[in-house]
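In this note's numbering, the protein residues as written are 30 to 122.
Heads up, the thing below is written out as structure tokens.
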């Protein structure tokens with residue numbers, strides 16, 4: 030059974046972790062010097078980056094779909110060849 034000292038240590042660790050989380054949240058808040066114009070400019074940059082990333086994702090997805098189709102076609106060809114070989118083998122007996 031854990032001792033009071035173990036619980037005290039755990040409690041201290043949890044308090045420390047919580048304090049670090051609070052510091053991280055506070056640091057992520059916009060600073061008072063950040064004007065609405067600056068925030069809007071930052072949002073526009075983020076929107077542009079997001080649009081570029083979305084376009085790149087579309088290109089990658091299209092490429093991936095083409096590769097998937099080639100792989101599926103190849104697997105279909107392999108399966109058909111195996112079936113043909115089995116039929117040929119059975120007929121030659």
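Cβ coordinates follow ideal geometry from the N, Cα and C atoms, glycine included.
Nothing here was measured: the structure is a model prediction, and the numbers come from that model.
Span of the alpha helix (DSSP H), counted from its first residue to its last, around residue 60: Within the chain shown, numbered from 1, the residue matching residue 60 stands at position 31. Premise fails: residue 60 is in no alpha helix (DSSP H) and is neither H nor E.
8 Å Cβ cutoff met for residue 59 and residue 68: Start at 1 with the first residue of the chain shown, and residue 59 comes out as number 30. Start at 1 with the first residue of the chain shown, and residue 68 comes out as number 39. Going by C-beta atoms, residue 59 is nearer than 8 Å to residue 68.
Spatial distance of residue 40 from residue 33 (CA atoms): Counting from 1 along the chain shown, the entry for residue 40 is found at position 11. Counting from 1 along the chain shown, the entry for residue 33 is found at position 4. Taking the straight line from one Cα to the other gives about 10 Å.
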